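Residue numbers (our numbering): 668 to 749.
All residues carry an ideal CB built from backbone N, CA and C; glycine is no exception.
As the structure is a computational prediction, the values presented were derived from the model and not from experiment.
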């Protein structure tokens, strides 16, 4: 039985070094794990900007916000096993 590939959203903004760091870490994990990441620039949507302005980066799976600012690798890998 095949598992569906999990799709995550990375709420980010241009020029955010923490956002770049988190995406780099996620990309490294993709070498061994099957998941996708869709990057959303919060500054293109006033509602997202109001919600996440000082929280970025935010990694989410649907409505579940997993981590802010830094990737919690252990939590993320555990979440992938669900």
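Is residue 737 buried or exposed, if buried means 16 or more other CB atoms sit within 10 Å of its CB? Exposed is the call here.
Measure the alpha-carbon distance for residue 683 versus residue 715 and round it to whole angstroms. Going from the Cα of residue 683 to the Cα of residue 715 covers about 16 angstroms.
Close Cβ partners of residue 739 (< 8 angstroms) along its chain, the five nearest in sequence each way excluded: So the qualifying residues of the chain are 733.
Under the three-state DSSP convention, the category residue 701 falls into: In the three-state scheme derived from DSSP, where H, G and I count as helix and E and B as strand, residue 701 is classed as coil.
Going by DSSP, what residues sit across from residue 732 in a beta bridge? DSSP output for residue 732 lists 727 as bridge partner(s).
Taking the alpha-carbon positions, what's the residue 725 to residue 697 distance? Near 18 angstroms, if we compare the C-alpha coordinates of residue 697 and residue 725.
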